[in-house]
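The next block holds one structure in the form of structure tokens; read it before the comments.
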Amino acid sequence: MAGLASYFNIHAKLCPVHKTAATYLDFHATTVIVVPDVGTQSSVSSWKDGSDCWLNTVLPNLVNKPLVLEYQYASNSGSNFSWEQLARCGDNLLELIISTAKDDPKFLRRPLVFICHGIGGVVAKRVCQSVDIGLKANIYQTIGTLHAEYYKLNYDKVISILSGIVFLGCPHLTYEQPQTWFKISALLRAATDLSKDNINKAAGQVSVIARICQTFKESRTPVPILSAVEGKTTKIETKMMVSRKELLVDEQFGRTGLPKEQVTKVDSDHHNLCSLSSTSAFTEKLGAFFAIVEKNSTILSASGDEQASLQEWTITASENDLVHRTVSPGNTGDATLGVQSDASYEIIPLNSDLTGDEKMFNLPLYLMKPHNRNQDFFGRQDTLELLAEKLIPQKSQTETLAGIKTFALCGAGGLGKTQIAVEFAFQAQKQFDAVFFLQASEVGKLAQSYTEISGSLGLEEEATDQVVSKDLVLEWLSSPVRQIQEGSKNPDDPTLPAPTWLIVFDNADDLSVLRDFWPVSGNGSILVTSRDPLAKTRSHVSVAGGIDLDPFGSNEAGTLLRQLTGYHENSDVEPSEAIAAKLSGLPLAITQIAGTIQRRDLDFVEFLDLYERETVRSDFYKDGVMSVQKNLYTVWAFEDLSPQALALLYVISFLDPDQIPEELLLNMANVEEIDRIKDYPQDTAEFVAARTELTKSSLLKRNRERKELIIHRIVQDTSRARMDVDTFKAVFNGVQSLLYITWPFSMFDHSVERLKKCEPTVPHVASMLRIYGESDMLKTLDHVVYNIARLSMDFGRYYFERGNIPDSIPYFQAAEKICERDAKSTYVTNAQNEGCLAQIATIMNQPDTAIVHAEKSLQLFVDNEEFSWRRAQAYNELGEAYIGAGRFEDAIEQHEAAIKCYYEHSDHYPDWGYLNKGMCLCSLGRYQEASDVLEPYLEYREKTFGPMDTESFKPGLGLLLLGKVRGCQRRIDESLDLYLKALAQYCTTLGTQHYRVAALYYKIGLAYMELEQTSDACLMFQKGLEIYGEKKDYAAQIAQSLLKLSNAQGQLGFDTEASRSLKKAKAYLEWLTKKHGRKIGPDDLVTFIPNWAQ
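With this note's numbering, you'll find the sequence shown wraps up at 2316, consecutive numbering, no jumps.
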């Protein structure tokens, strides 16, 4: 930027606003520094209360004896604007504050408050973090030296009197919320008369502002903050287009996230936000804010000796000269000890402590659902003591570094493994910073649990990709910390002990399920409960040891039975122990038999007599059911249950045993009458009565807060075993009908809201589909084929849209087989299923496989129906497969057919047709044609869904593709601006950890490299790599990003980091070479990267 006039001149001043000559008299009690917006509003003269400046009329009524000073940074109209210049304004303002304090003996005894408007808020944030940046690390070499020499002592004095900040429509940008970055360009258009080229160039440097905002947040400024955001849109005049209106600084864009911040929405646009009257609602809030400021600032009146303070503020002539040569806003010469701009101290090396926004994890954290503590827990003290010995972390450093502690509780169902684990987890919470009680019966439930952990712990703002969430959780478990700088594993305070954690993998009967969820290291403990005795060995996961849980002895079991029934006479001891012995000492059986005894109003002798008579009736028994279960379904006296309670129990036996929503069970009323289960509760009153009957019999547990039911697996197994064939089929038919009408089916539009609606039903659909897959008897139900096939396909689609491709494939494969049983009625499901398999193959860079599936899908629609949105979708899927194969002309033909089909035969808009056609034209080098396709598409989306379109990620893809076109046209500034907008949209709709976001970070990094903003490029490459992790499915993308990162680090002089990145890249190239049986070099990587990621 050398040789160009600066937008901000070197004559910035700090001037009084009050109409009084006695500016620095002793009667002033509070200093208020006003920082206006830039450009046309860079003066408080426009801050009106109707006729006069409210700083003169309204403010004196809100704050005691204010001295109001305005920071005046006059601009050179038409000159070259940059965010680096604005950052230097913050340095200049700090210098002016220090100078004012030197001249005014009372300055250090008065509280200091900033009032800022618009982009002026960035200047104030720069003041609050200027020195902090300089002292943090040698990465900020020259600026650090400057601040250490001049500001080190003086800055602390300024911060010590800072008592509050008022932000009026001030933007707050961070890398944590990149979806807001694009708004900064609109703010510049609203506030200045800058040219479009100048604004676009500034957009490419927006990371300067993001870093200032992030560092301000990291400083955790402990003062009250009042952030006013806009409730009305602002009219923006442009030279090339018709004026438009936008909501510039809403809550998302204006919130700083600091602990003492209050955010308030004002019924005003951006320009009028800094105008207020004495009677406005915001004025009342401003008055309350200043009351807090004054209350918190009384300590200032007791400050130290005035003369000593003045001496501390005195600077030498040489220091003064140094400052004026380096921090004046317009100075860009070589007198700055080699510093040409703020870019010189924005270099962020890999694994640095300063890589991004500070994250505080939510600790302590105890996730125990669906379990509450059992207040009637009995016995097992020896087992609990053993678990404490094996799993509780010791205080000695040697023990802490010993690695993960593991233990397994094994034994048959009904022995109380889960109840012991629950009690231990509650008892141990004081010993652990995090406890996670996980249902480990299947992969889907564990994947969902890890997603919940990631969000609850604070590893990601919104967990949308289950694979990414799992990797983030495993990474934290392996190296747990309390807080980090984003992108770094280093804890903020190494003196604090690393957090400890406990995971309970409950009901892990299939031990292979745990393999992908098992932490490999870390400061934690793992308890496994399983029916499989191999859980004590190392067959699937690394478990150090365990025990086979024994049933209760007769004495202990009898005591439990008497405690549960309340029978405590001496005459009750012998019969209670006799009953316990006949129940084999199973705690579950004893607990539930106690309910049966109470329900039947029997004493122990009467129950024994009844038991002896009923257990000889062999016609109750079913082949293949263990003897304990035979006894259980006899003594549980299911025949004593009301028909409604028994029907409800039957339905629940087909669902997942944990977290059964009562809302789901009540939805049976909406099932077609022919499919409803006989005697099932007809309304809420009957449902409550049936539920109460089951809970009183101890067959169910209820979580009142969550309105969910829990049932033991043995009760489910026994309940299903008791049904005859016709009842089994009828109940299953009712359950699949219930889940079919409850499940929110996809419209293949990648709706974000739909995924959230699916989650409560996911484990229950999985349970029903598992039972169907394991039962030959159910496969004779021809009338359920349509529903089961569609549910299986759409269930796979759920995992696919969640980014969990491996778990989606088995459901697509199952749907394919089910469709073969009735090809005519299931052709739509079959075709859509083939389309899903085509999309997966395209993503996995298997174009030939994708084409086969896509052609099958299209042919099924051609053979069975005229035209519909489904056929148009099939055209798109075949086109995408052709794109993956590099057949762009063939792809364009398919996408044009899709567009035509959508317009002629559907109410759907041809999003994918336009997006993919634009991609093809760009790939063919027909850039203007691509632009002519993509620009109208994005205009349509904005008109239909608004400027912040979050209906799906499709507009983000459109922005990305147009950015790619602009890059190919060598319009790099515009390309970067579009990429950043795409990043914002992706992060909102897909989440910050999606594989598409990782690919976009790579493209943003390339754009920064083109603009020679190498430090920003480093950060982008690194953030993409964090998302990819070490997943071999993305080996080519990872190697490509590592090579670029190494190059960028080398340019910045970080030779050690560059060498490390290059070494990692070579390791991935060697892995690819081994996998494909031929030498793979850097130039070959592009052939292994799908077109969508290029």
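Note that beta-carbon positions come from the ideal geometry of N, C-alpha and C, so glycine has one too.
- Contact check for A1309 and I1434: beta-carbon distance about 6 angstroms, within the 8 angstroms limit, so the pair qualifies.
- A distance below 6 angstroms between beta-carbons, with the five flanking residues on each side excluded, links E2056 to the following residues of its chain, in chain order: H2075, K2078, S2079.
- Residue nearest to T1605 within the set T1501, L1470, P1773 is P1773 (criterion: CA-CA distance).
- Taken atom to atom, the span from the alpha-carbon of Y2033 to that of I1819 is near 44 angstroms.
- For Q2244, the enclosing alpha helix (DSSP H) begins and ends at 2236 to 2250.
- In this structure, K1423 lies near D2195, with their beta-carbon atoms less than 8 angstroms apart.
- Around the C-beta of R1784, 16 or more other C-beta atoms lie within 10 Å, and the residue is accordingly described as buried.
- Under the three-state reduction of DSSP output, I2302 falls in the coil class, being neither helix nor strand.
- Closest by C-alpha distance to G1342, out of Q1307, L1771, R1821, is Q1307.
- With respect to Y2104, A2120 sits apart: the two C-beta atoms are not nearer than 8 angstroms.
- Per the coordinates, the alpha-carbon of S1798 lies some 30 angstroms from the alpha-carbon of N1729.
- Pairing L1495 with H1339 gives a Cβ-Cβ distance under 8 angstroms.
- According to the DSSP secondary-structure assignment, H1339 is paired through a beta bridge with L1390.
- In this structure, the CA atom of T1781 is about 19 angstroms from the CA atom of L1771.
- T2210 and T2172 have their alpha carbons spaced roughly 7 angstroms apart.
- Look at the region 1648 to 1699 and you find these whole runs of beta strand (DSSP E), each 3 residues long or longer: 1656 to 1661.
- Apart from sequence neighbours up to five positions away, the residues of its chain that approach F1648 with a beta-carbon distance below 6 angstroms are R1595, ordered along the chain.
- In the structure shown, the three-state DSSP call for Y2097 is helix.
- Exclusion of the five residues before and after L1448 leaves V1388, Q1484, F1511 as the residues of its chain whose Cβ lies within less than 6 angstroms of its Cβ.
- With a contact defined as Cβ atoms closer than 8 angstroms, T1628 and I1748 qualify at about 5 angstroms.
- In summary, P1444 is exposed, with fewer than 16 beta-carbon neighbours lying within 10 Å of its beta-carbon over all protein chains present.
- Counting along the chain, G1746 sits inside no alpha helix (DSSP H); it lies in the beta strand (DSSP E) bounded by residues 1746 to 1752.
- I2249 is classed as buried because its beta carbon has at least 16 other beta carbons within 10 Å across all chains shown.
- DSSP places Q2068 outside both helix and strand once states are collapsed to three, so it counts as coil.
- For G1780, the enclosing alpha helix (DSSP H) starts and ends at 1776 to 1787.
- With fewer than 16 neighbouring CB atoms inside 10 Å of its own CB, P2304 falls in the exposed class.
- Membership of C1435 in the alpha helix (DSSP H) is indicated by the continuous run 1429 to 1440.
- Measuring C-alpha to C-alpha distances from E1927 to each of T1914, P1282, K1591 identifies K1591 as the nearest.
- Straight-line measurement puts the Cα of T1983 at about 40 angstroms from the Cα of K2186.
- The beta carbon of I2302 is closer than 6 angstroms to those of L2291, L2294, T2295 in its chain, skipping five residues each way along the sequence.
- For P1966, no alpha helix (DSSP H) encloses it, and the DSSP letter there is neither H nor E.
- Every unbroken stretch of the beta strand (DSSP E) spanning 3 or more residues and falling wholly within the region 1898 to 1960 is given here in chain order: 1923 to 1925, 1930 to 1932.
- In this structure S1382 is exposed. Its beta-carbon is surrounded by fewer than 16 other beta-carbon atoms within 10 angstroms.
- Note on the region 2127 to 2174: whole alpha helix (DSSP H) runs with a minimum of 4 residues are 2133 to 2145, 2149 to 2167, in chain order.
- Contact annotation, T1455 with K1439: C-beta distance approximately 27 angstroms; criterion of less than 8 angstroms not satisfied.
- If you draw a straight line from the Cα of L1410 to the Cα of V1430, it is about 15 angstroms long.
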